[in-house]
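The listed protein sequences correspond, in order, to chains A and B. Converting from the first sequence to our numbering requires adding 2 to each position, the first position being numbered 1. Converting from the second sequence to our numbering requires adding 6 to each position, the first position being numbered 1. In this text, a Cβ means the ideal position worked out from N, Cα and C, and glycines have one as well.
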Amino acid sequence: MSAHHSYEDQKKLVFYGLKLLGIITIVEVAFALFAKGHIVPSITFGKDGGFGQALYMLAMIGASAYKAYFIIFFFMHMAGEVRGLVLSVLLPTTLLIWAIIAFFHEGSRWGAAREHIKEKNEQVVQPGTSGKPTGFLLSGTMKG
Amino acid sequence: MAETSVSHANETHEHDSDDHIWDGGQPPMKVSYGKLMMWYFLVSDAFTFAGFLIAYGTIRFSMPSWPEPDFVFASFPFVQAHLPLVFVTFMTFVLIFSSVTMVRAVQEGHRENKRGVVFWMFLTVLGGATFLGCQAYEWTMLIKYENVSVTRNPFGRYVADGIMVDESGKEIMENGAPTEVKKNESYLLHGHEHNGAVELQKKYVRYSTGAYAGQTHEIGQGPKAFGALFFFITGFHGFHVLSGVIFLLLIMVNAMSGLYASRKNGYEMVEKIGLYWHFVDLVWVFVFLVFYLL
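Laid out in C-alpha cells, this is it:
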C-alpha cells in the first residue's frame, strides 16, 4: 500500500500522474486533428477507411488503454492490492474482448444484409427471359 | 493429532502463507468489506458502460457512413469559429484535475489531516460541477442550435462526389461555378421552426460517381441512432458525475463534522468515494475515445 512511501513521494506521484494524463490527452487530440486533415488539409488518413484509419484507431485505443491502466493502478492504488483482488477485478473484464469481436462482426453483418436488400429492391426484373413464370403468385403480374 | 493441527494453524497465521489464505481467520483480499464491495460494484458498472459502448460500435459498424466527431463537436463558448474537439478536450482536463485533487484528499485522509481532506474534496466537487456545466453547454448547442434529438440527426456525410442542385434540378452556383460536394465530406442540415416543429432544410445532390452517378437524390438525415446513442451514453456518464458530486458533498460535510476523524481508520470513506470518482474519470477516457477520437 501507499503506507510505505513517504508523503513527499506520494505527492510526486500525483503530479507525475497529472502531467502524464495531460500530455497523453493533448497528444491524442493533436494527432486526431492531424489525421483528420485539420492541420495539413491534404492528410486525411484518419477518416478515409482502410489501413491508415485502422492504424490511427489502434494508436488511439492504445493511448486510452494506457491512461486507463495508470488510473486503475496508481490513482485507485490497484498496484498495492493483493493478487487475488487484482485478478478478481481484472479477469472478468477480459470477457469483453469476445463481446467486442462478436458484436462488431454482427454489426457489419446487419450492414451487409441491409445493402443486399437495397440492391435486390432496386433490381429490375427482365420479363420473358426464362420462359414461362413458374410461381403461381407471379403468373398474374408477369407479362411477356 | 489435535496437537499438530493446532500448531499448523499457528504457523499459518505467523507466516501468512498464501496456501492457507482461504482457510478463514484472515481477510484474503486484505481490504475492508466496504472497499472490496466498491471494487465489485465498479466491475459491474464497467460492464454496463461496456455494453452501451459496444452497442454504439455495433450500430456504427452496421451503417455505410457515420457523422464525423471533429465536425459535430466543434462549438466553443463565446467563440463563433469552428474549433473541432477543443471544448471536449477542456472537459477532459477538468475531469483529470478533479481526479488529481481526489487523490490528494485520500492522501490527506491517510495522514488524518481533516483540513486537507475537506480542502481537496471541495476542489474535487468544484471540478465535477464544472464538468456538468460544460456538458450542459454541449447538449444545449446540439439540441437547440443544431437540432439533434434522440430521433433526429442532421449530421451526415455524402456517399459520393457530386454537385448541389435545387428542387427542380438546376445547379446551385457559388462564385460562378457549381457547388461541388466530395465523398465522405460532412454536412449539417440546418433547421427552422415551422408550426411549432423543427423542419430540416432540403438539400439535393446530383452524383457524378458511385452507384447513383447521374441521378439526383435528396440529402436526408444522417444515421438516426447517433443522437440517441450520444445523449443516452454521455447522459448516463453525466448522471454518474452528478451522483458522484452529491456523494462527495455528503462525505465532505461528514468529514468537516469530525465523524471520520473519530473513526480513526484513515478516512476510509473518502477512499471509497475516491475509488468511485476515479472510475467516473476512467469511463470518460473511453467515452472520449469512442465518441470524439475514433
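Inset, instruction - Starting from L9(A), follow the alpha helix (DSSP H) in both directions and report where the run begins and ends. - result: On the first sequence, residue 9(A) is found 7 positions in, with the first residue counted as 1. Looking at the sequence provided, one finds Tyr at residue 9(A) rather than Leu. It spans Y9 to A37 - the alpha helix (DSSP H) in which Y9(A) sits, taken as one unbroken run.
Inset, instruction - Could you tell me the distance, in whole angstroms, from the CA atom of F292(B) to the CA atom of G168(B)? - result: By 1-based counting over the second sequence, the position of residue 292(B) is 286. By 1-based counting over the second sequence, the position of residue 168(B) is 162. So the two alpha carbons sit approximately 36 Å from each other.
Inset, instruction - For S66(A), count neighbouring Cβ atoms within 10 angstroms of its own Cβ and tell me buried if that reaches 16, exposed if not. - result: To locate residue 66(A), count along the first sequence from 1; it is residue 64. Per the 10 Å Cβ criterion, buried.
Legend entry - One or two residues paired with S192(B) in a DSSP bridge: To locate residue 192(B), count along the second sequence from 1; it is residue 186. DSSP output for S192(B) lists R163(B) as bridge partner(s).
Inset, instruction - Using 10 angstroms around the beta-carbon of Y62(B), count the other beta-carbons present and answer buried if the total reaches 16, otherwise exposed. - result: Numbered from 1 along the second sequence, position 56 holds the residue referred to as residue 62(B). It is buried - the Cβ of Y62(B) has at least 16 other Cβ atoms within 10 Å.
Inset, instruction - State the DSSP-derived secondary structure class of L206(B), mapped to helix, strand or coil. - result: Numbered from its first residue, the second sequence carries residue 206(B) at position 200. The answer is strand: DSSP assigns L206(B) an E or B state.
Inset, instruction - Please go through the stretch 94 to 135 of chain A and give each complete alpha helix (DSSP H) segment of 4 or more residues, from N-terminal end onward. - result: Taking 4 residues as the shortest admissible run, the stretch 94 to 135 of chain A contains the following complete alpha helix (DSSP H) segments, listed from N- to C-terminal end: 97 to 124.
Legend entry - chain B contacts made by the stretch 23 to 40 of chain A, where a contact means CB separation under 7 Å: L23, G24, T27, E30, V31, A34, L35, K38 and H40
Legend entry - Extent of the continuous alpha helix (DSSP H) to which I257(B) belongs: One-based indexing of the second sequence puts residue 257(B) at position 251. Where I257(B) is concerned, the enclosing alpha helix (DSSP H) stretches over A231 to S263.
Legend entry - Amino acids of chain B, ordered along the chain, whose beta-carbon sits closer than 7 Å to that of A56(A): Translated into positions along the first sequence, residue 56(A) becomes position 54. Result: empty, since nearest Cβ-Cβ is about 11 Å, beyond 7 Å.
Inset, instruction - Would you mind working out which of L148(B), A166(B), Y164(B) and V165(B) sits nearest R158(B), comparing C-alpha positions? - result: Position 152 of the second sequence, counting from 1, holds the residue named residue 158(B). Looking at the Cα atoms, L148(B) is the closest of the given residues.
Legend entry - Three-way DSSP call (helix, strand, coil) for H200(B) in this model: Within the second sequence, numbered from 1, the residue matching residue 200(B) stands at position 194. H200(B): strand per DSSP, three-state reduction.
Legend entry - Proximity to G264(B) [Cα-Cα], best of T54(B), F79(B), L129(B) and V124(B): What you label residue 264(B) is simply residue 258 of the second sequence in a count that begins at 1. Cα-wise, what sits closest to G264(B) is V124(B).
Inset, instruction - Please list the residues of the stretch 61 to 72 of chain B that have a C-beta atom closer than 8 Å to any C-beta atom in chain A, keeping them in chain order. - result: A61, G63, T64, I65, R66, F67, S68, M69 and P70
Inset, instruction - Please check if any C-beta of chain A sits within less than 9 Å of the C-beta of M108(B). - result: The count along the second sequence starts at 1 and reaches residue 108(B) at position 102. Yes, its Cβ sits closer than 9 Å to a Cβ of chain A.
Inset, instruction - Check the Cβ of I102(A) against every Cβ in chain B and list those closer than 8 Å, keeping chain order. - result: Start at 1 with the first residue of the first sequence, and residue 102(A) comes out as number 100. Listed along chain B are I60 and G63, each with a C-beta nearer than 8 Å to that of I102(A).
Legend entry - Distance, L132(B) Cα to Y282(B) Cα: On the second sequence, position 276 is the one that residue 282(B) refers to. On the second sequence, position 126 is the one that residue 132(B) refers to. Near 16 Å, if we compare the C-alpha coordinates of L132(B) and Y282(B).
Legend entry - Residues near A8(B) in its chain [Cβ-Cβ closer than 8 Å; skip 5 each side]: Here residue 8(B) refers to the residue found at position 2 when the second sequence is read from its first residue. Reliability of the predicted coordinates at A8(B) is poor, the pLDDT of 43 falling under 50, and the value obtained from them is presented with this limitation in mind. Cβ neighbours of A8(B) beyond the five flanking positions: none.
Inset, instruction - Would you tell me roughly how many angstroms separate the C-alpha atoms of Y46(B) and V88(A), rounded to the nearest one? - result: Reading the second sequence from its first residue, position 40 is the one you call residue 46(B). Reading the first sequence from its first residue, position 86 is the one you call residue 88(A). Each residue's Cα considered, the two are about 11 Å apart.
Legend entry - Neighbouring residues, chain B, relative to T95(A) (Cβ below 9 Å): Translated into positions along the first sequence, residue 95(A) becomes position 93. Within chain B, the residues near T95(A) are V49, A52, F53 and A56.
Inset, instruction - Take F161(B) and list the residues in its own chain whose beta-carbon comes closer than 6 Å to its own, dropping the five residues that flank it on each side. - result: Position 155 of the second sequence holds residue 161(B). Closer than 6 Å at Cβ, skipping near neighbours: P73, V78, L194 and G228.
Legend entry - Endpoints, alpha helix (DSSP H) assigned at E224(B): For this step, residue 224(B) is matched to residue 218 along the second sequence. Segment T222 to I225 is the beta strand (DSSP E) holding E224(B); no alpha helix (DSSP H) there.
Legend entry - Residue burial classification, Q86(B) (beta-carbon count within 10 angstroms, cutoff 16): The residue given as residue 86(B) occupies position 80 in the second sequence. Exposed, by the Cβ-count rule.
Legend entry - Alpha-carbon spacing of L305(B) relative to M262(B), whole angstroms: Given a span of 7 to 300 for chain B in the structure shown, any question on residue 305(B) remains unanswerable.
Inset, instruction - Please confirm whether Y210(B) and V171(B) have their CB atoms less than 9 Å apart. - result: For the purposes of this step, residue 210(B) is taken as residue 204 along the second sequence, with counting starting at 1. For the purposes of this step, residue 171(B) is taken as residue 165 along the second sequence, with counting starting at 1. Yes; because the gap between Cβ atoms is below 9 Å, this pair is in contact.
Inset, instruction - Taking only beta-carbon positions, decide if D76(B) is within less than 9 Å of chain A. - result: Indexing the second sequence from 1 puts residue 76(B) at position 70. With a threshold of 9 Å between beta carbons, D76(B) makes contact with chain A.
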